[in-house]
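Reviewing the structure listed below.
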Amino acid sequence: MIWLTWRQFRGQAVAALAALAALAIFLVALGLRIRNSYEANVACASCSADSARDSMENAYFGILLLSGLLVVLLPAIVGAFWGAPLIAREIETGTHRLVWNQSVTRTRWLAVKLGFVTLAGTVVTGALSLLLTWAASPYDKVFDGRFEPLIFPARNVAPIGYAVFAVVAGTTIGLIARRTVLAMAITLAAFVLLQILMPTVIRPHLQPAVTETVAFTASGARGLSISPAGEVRTEITKPGAWVLTPEADVLDAAGRPIAREVADECQGGGPGEALACLEAKDLTVNVSYQPADRYWTFQWLEFAVYLLLAGLLAAFAFWRVPRGLS
Amino acid sequence: MNPVLRTEGLTKRYGSRQALTDVTLTIPAGRVVGLVGPNGAGKSTLLNLAAGMIAPTSGTIQVLGARPAATAAQLARVGFVAQDTPVYAGLSVGDHLRMGARLNPAWDGALAQRRVGEVGLDPAQKAGRLSGGQRAQLALTIAAAKRPELLIFDEPVASLDPLSRRAFLQSLMEFVAELEVSVVLSSHLLGDLERVCDHLVVLTASRVQLAGEVEELLAAHYRLVAARGALDALPPAVRVIHAEHTARQSTLIVHDTAGAVPALVPDAERLDLEDMVLAYLTRAANASVTGNAEQPLEAHR
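As given, the protein sequences belong to chains A and B, one line each in that order. Offset between the first sequence (1-based) and our numbering: plus 451. Here our numbering is used: position 46 in the second sequence is 33, and no number is missing along the way.
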């Protein structure tokens, strides 16, 4: 059965390996370049932290964003082009009736096929994810945005969970849809939908957020905004943490939102002066966040959520296939 | 020895459509069984149930004494060639034989190589480029070289030209002679079945109409021609399958389960297989049109 799976998969595997090799060379080269600029900008004696951050961001933000997108989308491609046709094409061309009548049970047939392609998708995605994690690590250290929606899912173990899920989902959707193109479309749509829901709706609640009232300080606040209705809002930064309240009301000592007149009093002069003026007024902000030390908890939780979904879909496929089609 | 196929109350529904209704059937081993019926009668459903490709809605089916496709060992005992003889278009003939060798513990590689050579298949050729006849030969070779006890074919020759059809049936009969294998094949081509089958199952409108050894069935069916009205009172053991009446004369096709006809009508005429099957198919066709099995069929000629 392994031979047949390999024989059917061979062409795609060779193409994938070639693409993987090219991307690996690119990422290694990128990683070395980033290390060079890190030495030059950050580790040098005379450089300031802010200018280092700016120059690194200018040089590598775009390319790392695109590389990250590639790592996030790779599982979708693997799921649609490897997972979805795995059963759907057999059903579409009727060849399942040939292979199901060899001396191999359908459960074993599915196990070998699904296991083989899941492994291949995991290896390809995992290799790229870990290479990108390595290449981008000096940048990530300076940039401080590990929880960013386009960085978190493109580093470490999360992409491996996506790959397992995408292949299994593609296969199971193919088993239900029974048409290759339809299965590919549904797989892509489902994967993209989940990737949108995950950072917006699901991921913030994987752990109960820490909510606390902090003093308003010039160094901890990233800008100030006044809404048309006159509410004064700010964004609190916490190094390495995932702040879930990017627009928080600025409160007075009694915990009431301050009027815009209070902010207006501090207008005039530069933005730094305005923040310092406000800091002196003894204001607070309620901030809700996921602490920095939960990064790995979130990586593994993300991995586990996708693995769990994959497990449920696989269980359905293994329940369904021995019962025959129709 | 276990019967190759035993079903009890076997029923398969697709949604509200009844594909197979209450089929109770026993087919002994060592036969070449022809499964006949019009399109949509349930032939494919019955064979797919026997191969374990689908599960019954109710009732039971046993193939060689066990549940179809339940284990790898059971799969090894049954060779099934599905309708349209599917093969992997992207794999070569040689790849298909390698697949057979890897997936079947009892694979007879020598037999497969010999058969492929005899029917003139090029091992390097992609299966997607084979003609319908060549594809059927390849599918037959794969099914036979796993050395099953039972070979099942679903309409193997329906889409073949007459020459390929003859060559396929020739190959099939050679396998039967060589491997001592039981065979069940479905077809709506009665001439083909007459040539190869020694056991017959007639299926129409999801029900079994007739089943038995061809010789016994032929010995029990007669065409009776007599003056109109002379045959109105037949004993209950003589069932009228089909009747045609003109103003003066009646022609009946009857199934005589008790051997009563020769005494009753000395010049009763025996039927050939085609006429016998056609009588059953016509009766079913009329019944489905009018809801009345006794309706004469002139109107449908």
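All C-beta atoms in this analysis are idealised placements derived from N, C-alpha and C, irrespective of residue type, glycine included. These numbers were taken from a predicted model, which means no experiment stands behind them.
Asked                                                                                                                         : Found
Closer than 8 Å to chain A by CB, Lys133/B                                                                                    : yes
Helix, strand or coil at Glu281/B [DSSP, three-state]                                                                         : With a pLDDT of 43 at Glu281/B, under the threshold of 50, the predicted position of this residue should be treated as unreliable, and no value is reported.
Rounded straight-line distance, which links the Cα of Val593/A to that of Leu515/A                                            : 13 Å
Amino acids of chain B, ordered along the chain, whose beta-carbon sits closer than 8 Å to that of Arg774/A                   : Ala42
Contact list for Gly29/B against chain A, beta-carbon separation under 9 Å                                                    : The contacting residues do not exist; Gly29/B stays about 13 Å from chain A at best.
Close Cβ partners of Val619/A (< 6 Å) along its chain, the five nearest in sequence each way excluded                         : Ala761, Leu764 and Ala765
Proximal chain B residues relative to Ala455/A, where beta-carbon distance stays under 8 Å                                    : Residue identity differs from the one stated: residue 455/A is Leu in this sequence, not Ala. Per Cβ cutoff of 8 Å: Met86, Arg89 and Leu90.
CB of Ala255/B within 8 Å of CB of Leu197/B, strictly                                                                         : no
Cβ pair Ala69/B, Arg548/A closer than 8 Å                                                                                     : yes
Between the CA atoms of Ser588/A and Phe477/A - distance to the nearest angstrom                                              : 16 Å
Simplified DSSP state of Pro708/A, which is helix, strand or coil                                                             : strand
Sufficient close CB pairs (3 or more, under 8 Å) joining the stretch 176 to 193 of chain B to the stretch 26 to 37 of chain B : yes
Straight-line Cα distance separating Ile637/A from Ile624/A                                                                   : 7 Å
Where Thr13/B falls, given that 16 or more other Cβ within 10 Å makes a residue buried                                        : exposed
Distance, Leu520/A Cα to Phe769/A Cα                                                                                          : 32 Å
Residues near Gly572/A in its chain [Cβ-Cβ closer than 8 Å; skip 5 each side]                                                 : Pro526, Val529, Gly530, Trp533, Gly534, Ala614, Val615, Ala617 and Val618
Residues of the stretch 543 to 564 of chain A whose Cβ lies closer than 7 Å to any Cβ of chain B, in chain order              : Thr544, Gly545, Thr546, Arg548, Leu549, Trp551, Asn552, Gln553, Ser554, Val555 and Thr556
Straight-line gap, Leu138/B to Ala154/B (C-alpha atoms, nearest Å)                                                            : 17 Å
Where Pro(-10)/B meets chain A, residues with beta-carbon distance less than 8 Å                                              : Those within 8 Å of Pro(-10)/B in chain A number zero; the least Cβ separation is about 20 Å.
Interfacial residues, the stretch 620 to 634 of chain A to chain D, with Cβ spacing under 9 Å                                 : In the structure shown, chain D cannot be found, because the protein chains are A and B.
Tyr209/B, buried or exposed, once every other Cβ within 10 Å from all chains shown has been counted against 16                : buried
Secondary structure of Gln49/B, DSSP reduced to three states                                                                  : strand
Beta-bridge pairing of Ala213/B - partner residues as DSSP gives them                                                         : Ser237/B
Status (buried if at least 16 other CB within 10 Å, exposed otherwise) for Phe512/A                                           : exposed
Chain B contact for Arg540/A (CB, 8 Å cutoff)                                                                                 : no
Alpha-carbon spacing of Ser151/B relative to Phe140/B, whole angstroms                                                        : 16 Å
Where Arg235/B falls, given that 16 or more other Cβ within 10 Å makes a residue buried                                       : exposed
Cβ pair Val738/A, Val632/A closer than 8 Å                                                                                    : no
Beta-carbon gap between Leu260/B and Glu181/B smaller than 8 Å                                                                : yes
Per-residue DSSP class, three states only, for Leu36/B                                                                        : helix
Assigned secondary structure, Gly2/B (DSSP; H/G/I helix, E/B strand, else coil)                                               : coil
Under 9 Å from the C-beta of Met452/A: neighbouring residues of chain B                                                       : Arg89 and Leu90
Opposing strand residues paired with Val65/B [DSSP bridges]                                                                   : Leu137/B
8 Å Cβ cutoff met for Arg89/B and Thr128/B                                                                                    : no
Below-8 Å beta-carbon distance, Phe162/B vs any chain A residue                                                               : no
Residue(s) in a DSSP beta bridge with His232/B                                                                                : Ser237/B
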